[in-house]
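Encoded as structure tokens, the structure appears first; notes follow it.
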Ligand SMILES: Cc1ncc(COP(=O)(O)O)c(C=O)c1O
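Numbering (our numbering), first residue to last: 21 to 458.
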């Protein structure tokens with residue numbers, strides 16, 4: 021007698037088989053259709069069934085030079101033979117060197133760095149510094165911002181409302197989101213730029229004064245609101261926010277975990293604004309796929325934070341691994357030497373012009389916005405306020421895969437600064453299997 025076939029039987033090694041094992045073993049957040057990757061090279065990925073994909077999200081928005089870069093692989097092998105992990109209360113040479121590389125590329129006023137493993141943690145360190153220096157507790161954030169997933173910064177997020185459900189009460193309560201979204205396409209107070217004179221900052225300051233204790237340690241924002249809709253603030257916005265922070269006696273923390281380095285046409289995104297933040301959080305792209313992130317701040321603030329004895333500097337188990345630092349340093353050097361910021365600016369102009377063409381032809385596209393290789397098209401219709409939960413990627417992870425609104429995903433072709441120049445016919449991919457896979 022033939023044994024009954026299990027309803028769950030799947031060919032060993034196939035996608036279906038790996039998906040079953042994934043579901044059984046990992047509590048993960050998965051997009052549809054389900055894909056299980058096995059290998060990557062440059063801009064391409066291959067799944068366990070041998071299908072080829074173009075990686076429009078560059079790993080987890082992190083691989084500025086693509087997968088398996090030969091020079092980085094060499095550094096990885098070289099450094100792994102020397103030292104890959106150490107006790108963080110001692111220093112290690114590649115970590116010092118990477119800090120110096122970042123320092124040399126940062127403007128005066130961002131003089132010292134403190135490493136961490138993920139972007140959320142870099143923001144947590146930024147909050148430690150702000151609270152330690154100002155001795156204040158309140159932190160206010162921008163509506164539509166995303167600062168990570170650890171529970172302290174989760175309290176500052178205001179995209180994807182449902183993701184916070186049942187997690188509270190959080191350390192930073194909802195009332196900390198007092199800075200109105202700098203979204204000129206759908207102005208939160210119904211005004212038009214430039215005649216508005218950036219009234220949104222004035223209104224935000226009033227709101228902050230009303231709902232805070234009056235002792236505000238920091239204002240935190242992304243330089244471009246990434247997950248909240250790739251919202252590029254008007255040029256006056258960041259300088260006004262910095263002035264507001266100064267009036268409140270607070271520090272301005274810029275979270276450039278997603279938008280830096282090199283992606284926007286400058287090394288750092290804040291360079292477009294003419295201001296230097298008091299504290300900067302970096303992640304994703306600075307690590308070239310290695311778990312190394314950073315907080316950078318002014319020397320005097322770092323010294324005061326140290327004196328405040330509030331647990332600064334941060335020195336967690338994986339805060340600044342020598343192995344990761346060595347790879348990240350080489351990646352940064354390659355990007356700097358190859359003038360990838362300039363390349364991002366050039367390709368960004370091309371991307372923007374083609375998206376504007378599409379906008380002309382398709383009424384559904386209401387707004388095209390972005391900078392460098394970060395772009396997004398916005399629906400003309402529909403209530404797409406960040407946090408509404410209706411259109412946020414974070415609250416609807418499946419939506420993109422279902423293709424309900426292709427334009428919503430256009431920013432994702434943006435994150436890899438090494439992508440070929442399409443104008444020069446450098447795009448070799450075509451649809452091929454990559455298209456079939458999606
Ligand atoms: C702007 C921004 N800040 C912080 C984070 C959190 O980074 P991580 O996932 O490395 O903790 C993210 C992640 O997407 C982000 O986009």
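For each residue, glycine too, the CB sits at the ideal point set by N, CA and C. Being a predicted model, the structure only gives us computed values, none of them experimental.
Go ahead and pull the three-state DSSP assignment for residue 431. As a working note, residue 431 is residue 411 in the chain shown. For residue 431, the predicted model reports a pLDDT of 40, less than 50, meaning its position is unreliable; a value from the coordinates is still stated below. In the structure shown, residue 431 sits in a helix (DSSP, three-state: H, G or I).
Ordered list of beta strand (DSSP E) runs contained in the region 160-230, each at least 3 residues: 197-199
What did DSSP end up calling residue 419 once you bin it into helix, strand or coil? Mapped onto the chain shown, residue 419 falls at position 399. Low confidence applies to residue 419: its pLDDT is 35, below 50, so where it sits in the model is not reliable, and the reading given next is rough at best. Looking at residue 419 - three-state DSSP - the assignment turns out to be helix.
Does DSSP classify residue 143 as helix, strand or coil? Within the chain shown, the letter at position 123 stands for residue 143. Reduced to three states, the DSSP call for residue 143 is helix.
Say the cut is 7 Å; is the CB of residue 313 nearer than that to a heavy atom of ligand 1? Here residue 313 is taken as the residue at index 293 of the chain shown, counted from 1. Answer for residue 313: yes, Cβ within range of ligand 1.
Assuming residue 192 contacts residue 159 (C-beta within less than 8 Å), just tell me the rounded distance between them. Here residue 192 is taken as the residue at index 172 of the chain shown, counted from 1. Here residue 159 is taken as the residue at index 139 of the chain shown, counted from 1. 6 Å between Cβ atoms; contact.
Please classify residue 278: is it buried, with 16 or more other beta-carbons within 10 angstroms of its beta-carbon, or exposed? On the chain shown, position 258 is the one that residue 278 refers to. Buried, by the Cβ-count rule.
Measuring alpha carbon to alpha carbon, tell me which of 307, 83 and 126 ends up nearest residue 62. Taking the first residue of the chain shown as 1, we reach residue 62 at position 42. The option with the nearest alpha carbon to residue 62 is 83.
At a cut-off of 7 Å, would you count residue 143 as near ligand 1, judging by its Cβ distance to the nearest heavy atom? In the chain shown, residue 143 corresponds to position 123, counting from 1. Yes; taking the cut-off as 7 Å, the Cβ of residue 143 has a heavy atom of ligand 1 nearer than that.
Within 8 Å, strictly: CB atoms of residue 287 and residue 361: By one-based count along the chain shown, residue 287 stands at place 267. By one-based count along the chain shown, residue 361 stands at place 341. Yes. Within cutoff.
Suppose contacts are defined by Cβ-Cβ distances below 8 Å. Is residue 75 in contact with residue 64 by that definition? Within the chain shown, numbered from 1, the residue matching residue 75 stands at position 55. Within the chain shown, numbered from 1, the residue matching residue 64 stands at position 44. The answer is yes: Cβ separation under 8 Å.
CB residue 275 to CB residue 240, shorter than 8 Å? As a working mapping, residue 275 is identified with position 255 in the chain shown. As a working mapping, residue 240 is identified with position 220 in the chain shown. In this structure, residue 240 lies closer than 8 Å to residue 275 by Cβ.
Since residue 68 contacts residue 33 with CB under 8 Å, what's their CB separation in whole angstroms? Taking the first residue of the chain shown as position 1, residue 68 is located at position 48. Taking the first residue of the chain shown as position 1, residue 33 is located at position 13. Their Cβ separation, rounded to whole angstroms, is 6 Å, which keeps residue 68 and residue 33 in contact under 8 Å.
Cutoff 8 Å; reference residue 296; Cβ partners in own chain excluding five residues on either side: The residue labelled residue 296 in the question sits at position 276 within the chain shown. Cβ within range, chain order: 127, 128, 129, 130 and 290.
For a minimum of 3 consecutive residues, which ranges assigned as the beta strand (DSSP E) are wholly contained in the region 283-320? 299-302 and 313-317
Inter-residue Cα distance where the pair is residue 118 and residue 306: For the purposes of this step, residue 118 is taken as residue 98 along the chain shown, with counting starting at 1. For the purposes of this step, residue 306 is taken as residue 286 along the chain shown, with counting starting at 1. C-alpha separation (whole angstroms): 10 Å.
For the region 48-125, list the beta strand (DSSP E) runs that are entirely contained and at least 3 residues long, ordered along the chain. 57-61, 64-67 and 72-74
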